Amino acid sequence: MKCIRRIVYKKDGMALPSVIIICTLMLMMMVPLLNLSVQQLKVSKSQSVIGYSYLASGSSTEKAIKIIKKYIQDKTYTKQVPYISDASNYVDTILLDIKKEINKEIGTITVQPSKGAKSLLKGDIARVGFKVDGNKIWVTLGLTITSTYQKGVNVSTGSDVYSQIVISIENNNDKYFRPAAINAIGDIYVKNSNAIINGDVKVVGTAPQKSNEFEQYTYGGLYATSNSKLNISGNAFVRAFIRCGNPDNSVADNSTIEVNNNAVAQCIQMFGQKDYFLGHKDVYTFDDVEMNGLNSIIAINRNYFGLSDGRSSTDQYHDASSAIVNSSVIHHPFEDTILDAMKSKIIINGNVMINGGTFLIDPIKGTPVFPNDAPQIEDASCAWNDSDEIASYKNFEPQGTAADRQKFHSDTDNKGTSWIADQYKSNLAKGYSNLFQVYNFKNESEIGTWFSKLKMFNQPFSFYSPENDPSKLKGFCNYEMAANGKMYFMDISDVDLGNKSDLEKVDESSLVGSKTDFENSLYYLNINDKETQKYLPGGSMQWEWDSVSKNGLLNLKGTYFDYYNTVETKFLPEIKKPLMKITEDFVKRDPGYQAGVISHQYKEVTDDSGAKKNFFNYIGEELEECNLMDNSTVITDGELKLISSSIDKYEIGFTPINTKYYIIVVNDPGKTLVIKDTINAIVYTRGKVIMSPGSKLNGFIIAAGKGYDAINKKADGSAADSMPYIYMKKDSDGNVIESNINLLDSGEFAAVVFEGTATVNYEFGIDKNNNGKLDPEDNLLYLIDQYTNDDIKNALNKLFNS
């Protein structure tokens, strides 16, 4: 200390010590500042790296969002992701595909000249939420982009940028198709055969060229003739007719079509002599239930739903309005036929719901005789005049102007003031040919015996052991029904239910089973489709089913006008839509009432390349691809063997292994496939399949049938490309002078022909929870599982179960 004091107070030699002291003090002050500067420099460089890394993440996020938007806009997922009916799994699968697309594209992002940052998605794309909205699925995506950037020794990792984007995915699988036992564009034709179909059928069927063709025998569909029996264990969905016989009934046709579940068709029609239809449950028609044949019976064990209104001025055509038409006595009024005509009956044990009516039709024009103010006659005909021994409507001759003449019906007091009501009061109008609700619903153990006795003890204008004599009918119509030897009048005036009208609300107990079976039918439609969802449990159509039943008038005033309005405008037209759609898997039929010509539109789908293709042909191409996976399983048309003495009939040419399941693909419509013996197979053909005597197919058939060559006037080509049609040229008196009806009546337009006793079996097992039968979906899964090649299984699932 003293030394320092001496140095400080001593005046000579002080410069050097002062400099040293000052420098020391400055050094002591500068070192922390230098350390701080170095640290700030390091931080600055690190922040720069982090900034570039964050910039890369932000830039990559923008790029990822652009990729997602393009992916959705281009519908890339329709080409790269197989459709999955479960929406949650479908969304997750698409998100994984989007992740691959993003990571493939974003890669390295340039943030400085010659320097780049590596970016990628962190983890999976998060599905924040999704909502199914009819044909769309709205999905909220959460994605986190992370980037890595290095400059010298400075490295930045984990610079995350999180963002959300809402996208919409199409939820409409345009390739949705669920096979029935037989899926046909052309007819199912049964002649002199005992045909057994275990499962459902879906058929479009042949139609006439003109929409106003009066001769209804120009329609095909399910066609049984010449001592045939067609038994369908499931449902029949037919866009054309379910019919037996043809108008040439000089000898007994003796054909029967029996549908063990529901029957849906444009029309149920008996043309021949001793022809029969038996529906174990419900019948729905877009047009009529009609009887033209002799000594024949149509029997519906549960409910009938006539779906089409067809009473407006724009659609008054004979096949646009649903009705019940027993016109046998009109078509066969002659002395040698009238008694057999009086034996022809239409029998319905359950509710009768008719949305349209019958018309006075000009046989040449096919349009109403009185189109302006008096076209319609009975909703269920025909009323019979015992005194004149003619149909009652034939005495209806409106006189004077439309303003002062009496109408056939009355819109306000039909039972009291109409012409037909006056005829009934005078015993000049009685409904003998229709038997409604005189028999109770028959269970499966009773129905066979009951129907046999109906045929055995059938007499002109008589009942066989009636179980009821209803004073009122349960159901719906616009005006009146001729049945049970009486007339039943609908009255829609504003009065309490059942006070005046002869029509009561439907029986609720039988409607419960109808609703369940109807919902089960929707298996054949895409349940993710917004229109289909209306009819499923919880959908808007559920209330409509309940509202028409006796105890379901929750929000209606309880008048017949309310009931009438609900059934006519809401219930019957609505349930018509999905049922018709089921019948049109491959071809949509437009009746073309205004143009006068029936037209067809083929369904198109998008294949894996994004190209549009005819749906029926697409299925054939996909099935033929299975040949590359296992050619011992797939039999193509090039491998078929021509049957000796034939020019167009082919067989597989070997004895099939009874434990093996095959796929037979015939893309050449000129080769008719003949099934012999027993084979396990999925059969696809653009032409025709013949089930020969003694044959049995375990599997299902997809068949188009033949088209029509108008130049050479023969069946040719494929109905998958051009629908066949029936034409009729008439003279000025309405007589047919030229037609190709013979091609329909001989089965030339048929997709599937049955000969002898033959079976198509698409029921493979027992399910104790489903009345002893597997449902269609279980049968499909069972069938696909029988194929041992995994690639083929995947291909079949893609076609029939996606």
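My numbering puts the first residue of the sequence shown at 936, with every later residue one more than the last.
Don't be surprised by glycine CBs; every beta carbon is placed ideally from N, CA and C.
None of these values were measured; they are calculated from a predicted model.
Residue j beta carbon less than 8 Å from that of residue i
i	j	result
Tyr1211	Asn1197	no
Ile1177	Gly1156	yes
Ile1610	Ser1627	yes
Ser1263	Asn1290	no
Phe1112	Phe1735	yes
Ser1128	Ala1693	yes
Ile1719	Leu1709	no
Ala1234	Ala1315	no
Asp1109	Val1540	yes
Asp1520	Asn1118	yes
Lys1409	Asp1442	yes
Phe1221	Met1658	no
Lys1435	Lys1360	no
Gly1207	Arg1237	no
Ile1167	Ile1132	yes
Ile1614	Tyr1597	yes
Thr1620	Leu1632	no
Ile1232	Ile1282	yes
Closest residue to residue i among the options (Cα-Cα distance)
i	options	result
Lys1329	Leu1295, Asn1349 and Thr1081	Leu1295
Gly1652	Ala1686, Ile1676 and Asp1032	Ala1686
Tyr1152	Tyr1717, Ser1674 and Lys1728	Ser1674
Asp1437	Ala1130, Met1425, Gly1448 and Phe1635	Met1425
Thr1293	Asn1261, Gly1588, Ser1279 and Glu1519	Asn1261
Asp1404	Phe1396, Asn1419, Lys1390 and Thr1272	Asn1419
Tyr1585	Lys1623, Asn1677 and Phe1172	Lys1623
Arg1174	Lys1164, Asn1189, Asn1162 and Tyr1158	Tyr1158
Gln1394	Arg1237, Tyr1722, Asn1230 and Glu1454	Asn1230
Val1194	Ser1667, Phe1635, Ala1130 and Lys1465	Ala1130
Phe1396	Ser1368, Ile1625, Ala1650 and Ser1406	Ser1368
Asp1726	Tyr1643, Glu1559 and Glu1332	Glu1559
Val1601	Gly1640, Met1564 and Thr1590	Gly1640
Lys1164	Tyr989, Lys1728 and Ser1190	Ser1190
Lys1145	Tyr1722, Glu997 and Ser1534	Ser1534
Ala1032	Asn1670, Tyr1006 and Ile1232	A small fix is needed here, since residue 1032 is Asp in this sequence, not Ala. Nearest of Asn1670, Tyr1006 and Ile1232 to Asp1032, Cα basis: Tyr1006.
Val1618	Lys1548, Ile1636 and Lys1606	Ile1636
Ala1356	Met1422, Leu1078 and Asn1413	Met1422
Gly1134	Phe1172, Asp1525 and Leu990	Phe1172
Check: residue i C-beta below 7 Å from any heavy atom of the ligand GTP
i	result
Gly1682	Among the components modelled here there is no ligand, and therefore nothing to report on the ligand GTP.
Residue burial classification, residue i (beta-carbon count within 10 angstroms, cutoff 16)
i	result
Glu1402	exposed
Ser992	buried
Ala950	exposed
Tyr1097	exposed
Phe1065	buried
Lys1137	buried
Asn1170	buried
Pro952	exposed
Gly999	Before going further, note that residue 999 is Ala rather than Gly in the sequence given. The residue is buried, with at least 16 neighbouring Cβ atoms inside 10 Å.
Glu1712	exposed
Ile1041	buried
Lys1440	buried
Leu1679	buried
Leu1370	buried
Leu1715	buried
Asn1147	buried
Asp917	As shown, the chain starts at 936 and ends at 1737. That puts residue 917 outside it, with no answer to give.
Glu1683	buried
Ser1580	exposed
Gly1383	exposed
Ile955	exposed
Expected contact under 8 Å - CB spacing of residue i and residue j to nearest Å
i	j	result
Val1026	Ile1060	Contact doesn't hold; Cβ gap of about 10 Å is too wide.
Ile1003	Ile1104	Actually they do not touch by this definition, with Cβ atoms about 11 Å apart.
Glu1150	Met1663	7 Å
Phe1411	Val1502	5 Å
C-beta neighbour in chain B for residue i, strict 8 Å
i	result
His1215	Among the chains of the structure shown, chain B does not appear; only one protein chain is present.
Could you name each continuous beta strand (DSSP E) segment of 3 residues or more that falls completely within the stretch 1201-1274, going from the start of the chain to the end?
1202-1205, 1211-1214, 1218-1220, 1224-1226, 1232-1235, 1239-1241 and 1259-1261
Please give the ranges of any beta strand (DSSP E) in the stretch 1641-1719, keeping only runs that are unbroken, at least 3 residues long and fully inside the region.
1642-1644, 1649-1651, 1663-1665, 1671-1674 and 1685-1696
Which parts of the stretch 1386-1474 are runs of the beta strand (DSSP E), unbroken and 3 residues or longer, counting only runs that do not cross its ends?
1408-1411, 1415-1418 and 1421-1424
Which whole runs of the beta strand (DSSP E) in the stretch 1140-1179 are 3 residues long or more, in chain order?
1156-1160, 1164-1167, 1171-1173 and 1176-1179
Segments assigned alpha helix (DSSP H), at least 4 residues, entirely inside the stretch 1536-1583:
1550-1560
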